[in-house]
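This report refers to the structure that appears directly beneath it.
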Amino acid sequence: QVQLVESGGGLVQAGGSLRLSCVASRSAETTPALGPMAWYRQAPGKQREFVATIGPSDTGDYSDSVKGRFFISRGNEKNTIYLHMNSLKPEDTAVYYCRVFAGTEFWGQGTQVTVSS
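This is the structure:
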């Protein structure tokens with residue numbers, strides 16, 4: 789099993805910035821090694837959508853809606869990723885989820901981001 793804990797969400801005005809964090813922990817040595825980690829989000833009444841992912845070489849891939857505004861990075865502890873969100877817009881309002889693949893996919897509980905106009 790893998791536990792994911794997200795933090796850093798909150799209320800911010802349009803144009804502002806936030807940084808989300810996600811820490812992954814394996815509950816047992818038998819749990820497969822952590823694979824790619826990613827951020828998704830789900831706005832009220834909408835399906836969950838991909839935001840960004842970070843590969844083994846720490847390169848990021850982004851959805852078109854956040855490209856150029858959001859930046860994904862990995863901490864010195866390789867089980868931690870961040871989502872740096874800049875120039876936030878009201879349409880970025882959503883619950884943001886962290887996901888990791890380790891034999892199967894695991895999801896965090898989500899952190900709320902609200903952007904006011």
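Here my numbering is used: the first residue of the sequence shown is 789, the next is one more, and so on. Virtual Cβ for every residue (Gly too), placed ideally from N, Cα, C. Computed from a predicted model, the values in this text were never measured in an experiment.
Through-space distance from residue j to residue i, alpha-carbon basis
i	j	result
L792	I860	16 Å
C810	M825	9 Å
R807	Y885	13 Å
V839	V883	12 Å
D846	R862	7 Å
N874	A821	31 Å
S813	I869	12 Å
P844	N867	12 Å
T819	R829	26 Å
L876	E794	19 Å
Which residues DSSP lists as bridging residue i, in chain order
i	result
L806	M873
T902	L799
V811	V793 and T868
Residue i burial status per 10 Å Cβ neighbour count (16 or more: buried)
i	result
T899	buried
D852	exposed
E893	exposed
L799	exposed
G856	exposed
Cutoff 7 Å; reference residue i; Cβ partners in own chain excluding five residues on either side
i	result
A831	T881 and A882
Residues of its chain near residue i, where Cβ-Cβ distance is below 6 Å and the 5 sequence neighbours each way are ignored
i	result
H872	R807 and F859
D849	T841
Whole-number beta carbon distance between residue j and residue i, since they are thought to touch under 8 Å
i	j	result
Q789	A816	7 Å
G823	A890	6 Å
G797	V901	5 Å
Close Cβ partners of residue i (< 8 Å) along its chain, the five nearest in sequence each way excluded
i	result
P878	A802, V903, S904 and S905
R887	L792, M825, A826, W827, Y828, E893, F894, W895 and G896
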